[in-house]
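Data block below; observations after.
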Amino acid sequence: MLAMSKWFTLTPFMSNRFSKRVGFSNSPSSVRVHVNGGGDDTNNSKNNDKKKKKKKVVVVGSGWAGLGAAHHLCKQGFDVTVLDGGDGIGSPDNVGIQGFWYPYKNIFSLVDELGIKPFTSWTRSAQYSGEGLEVEFPVYQELPQLPTPLGTLYHTQSTVPLINIRKSFHYMQFVRLPLDFPAIALNTRLIPSLWDLIDFDNTDVAWKKYDSITARELFKRFGCSERLYQDIFGPLLQVGLFAPAEQCSAAATLGLLYYLTLAHQKHFDVAFCRGTTKQKIFEPWVESLKAKGCEMLEDKNVTDFNFNEETGCVTEVVCGNETYSVDAVVVAVGITTLQETIKKSAALCKREEFLKVLNLAGIDVVTVKLWLDRKVAIPNPSNACAGFDDLFGCTVFDLNVIHDEHKDDTETVLEADFYHANELLPLNDELVTEKVISYLSKYINDLESACVVDKEIGRFPKRLTHFFPGSYKYMMRGSTSFSNLFMAGDWIITRHGSWLQEKSYVTGLEAANRVVDYLEEGSFAKVIPVEEDEPHIEALRGLNRRLNEIISQVPLFSYFLQ
């Protein structure tokens, strides 16, 4: 059936409540309450005896990764407590409107298990630059399937024909590109390099090879024109990796492009939630977890971890003056939240892998929801826009089409999510709205003549992961130097191959599997692997691996900078 990862056997758990702990003070001013059953056993009622026999797992974070880990661990009979840091259930993944792409097999499987139907049908989308419409993306699975990457390139349609080769020509959707664009595309100039996509196989070696290069350098190396870069690749990365291409890792660029657009023709098909992700997915998911006995605690900011020096195991999670006794811990928070915890924690700040996290960075997000006084035609349900500023991009959504609650509204309701929005973040609501209307008027006719009757502005400093050049060496793996503390999130290193929400959820399942393996109880979660490469790509990757092995044997190969 489903492919399973092979899990390494970890050191068996050893409990010793009387050993010396670090990161903890016994002074009267720092006495903490054992919230979930720790402390003096004589004070616990007999009614808790049965519950105390269950192994206790604390999950820090309530986004895709945290709830994913909690979901599987609850099903295995563990006593699970989820700590949310105060940003609300779904944090750090409840920002803006997020697409759900065709290869999100694990998330779609979860939704089926929960018995909910939160998604729209597969949706057309478009990309705009400062010069106007550049690309319109069809629903690829409805079209004849061609070998990768030909299907993605051939079926991507345009509002004007670039080449009339036959009577029934295809409309290449790259509207403003040169007339020789189809030939250029088929010669792999559209993508940074077909061979680079083959060479980048998501291994540790591949990440180290490409991560120090910027995406802009990668495009330049393989003859990408200035026009293609400015109008297509630059805007694409501003809404895909949320930063300008010169600030994006080439490794992350190759990984994201291949997973979402080029691995298989239908992979770029996208659906959206018919309401907010929190409303349509996280809230029913949380209710399901509570029904399984999971305890959900909000406004719990983790400040430290107490651990046993002899065993190297975390024994308690500290939230201010409260502590939660644990047999295992899953930390599934964003980079900024973890950095704040590391700076406060006497335990984490002494560990090299956690100190390296302080070198990582997040990306600012500003979300703008506008209610207009009239109907305004928005070209597509989802529109990626860039070019009005070199530093940030945005995605514009027609909520009258996407969200159930706005389908019958007589006026337009739209949302624009701005990424790398450093310059918008400090502005007041009126100035943000004024700038947004000015920006979007370039893409949406009659927007300037409409009046804004209501608005909702969200500001999320450093909320998204920044995959900047050189960031890979600072990112963490799923296991840590604490034998019972495991990590999950979209910035955690995994060989699964997924990205964005799917990657977060998958790392949550992988963390749950590490807990199961460590505590030697329960069964492993079934992680659905990414779809296998098409035969010609797999053959080329095999050839590339053999060539790399031969080249590595050349004398003085390791002498030169790779």
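For the sequence shown, numbering that gives the first Met the number 0 begins at 0 and goes up steadily by one. Even for Gly, the Cβ is constructed at its ideal location relative to N, Cα and C. All values derive from a computational prediction rather than experimental measurement.
query	result
Residue from VAL515, VAL529, ASP532, LEU542 whose Cα sits closest to the Cα of ALA55	The amino acid at residue 55 is misidentified as Ala; the sequence shows Lys. For the residues VAL515, VAL529, ASP532, LEU542, the minimum Cα distance to LYS55 belongs to VAL515.
Distance between beta carbons of TYR504 and ASN105, contact taken as under 8 Å	6 Å
LEU217 to PRO243 span [Cα, whole Å]	13 Å
DSSP-derived helix/strand/coil call for LYS104	helix
Rounded straight-line distance, which links the Cα of ASP532 to that of VAL553	30 Å
CB of GLY496 within 8 Å of CB of TYR209, strictly	no
Exposure label - ARG545; buried when at least 16 CB within 10 Å	exposed
Residue from GLY386, ASN543, ARG494, HIS402 with nearest C-alpha to TYR228	GLY386
Boundaries of the alpha helix (DSSP H) in which GLY361 is found, first to last residue	Taken as a continuous stretch (DSSP letters only), GLY361 belongs to no alpha helix (DSSP H), being part of the beta strand (DSSP E) at 361-371.
Given 8 Å, three or more beta-carbon pairs between the segment 334-353 and the segment 102-122	no
Closest residue to VAL134 among ASN399, ASP111, LEU152 (Cα-Cα distance)	LEU152
ASP445 classed as buried or exposed, judged by whether at least 16 other C-beta atoms fall within 10 angstroms	exposed
Beta carbon of MET486 nearer than 8 Å to that of THR493	no
Inter-stretch contact (C-beta, 8 Å, three-pair minimum) for the segment 425-433 and the segment 329-345	no
Straight-line Cα distance separating ARG273 from PRO117	6 Å
Under the three-state DSSP convention, the category PHE353 falls into	helix
Expected contact under 8 Å - CB spacing of ASP326 and LEU518 to nearest Å	6 Å
Whether PHE271 touches GLY98 by CB criterion (8 Å)	yes
DSSP state of PRO534 mapped onto helix, strand, coil	helix
Element boundaries [beta strand (DSSP E), containing ASP489]	That residue, ASP489, is in no beta strand (DSSP E); it is neither H nor E in DSSP.
Short Cβ contact (8 Å threshold) for VAL59 with VAL412	no
Helix, strand or coil at GLU133 [DSSP, three-state]	strand
ASP453 (DSSP reduced to helix, strand or coil)	strand
Where THR158 falls, given that 16 or more other Cβ within 10 Å makes a residue buried	Annotation note: pLDDT 35 at THR158 (below 50); position unreliable, coordinate value reported separately. Classification for THR158: exposed.
Stretch-stretch touch, CB-based, cutoff 8 Å, three pairs: the segment 398-412 with the segment 69-87	no
Residue environment, SER344, which counts as buried when at least 16 other CB atoms sit within 10 Å	buried
Per-residue DSSP class, three states only, for PHE77	coil
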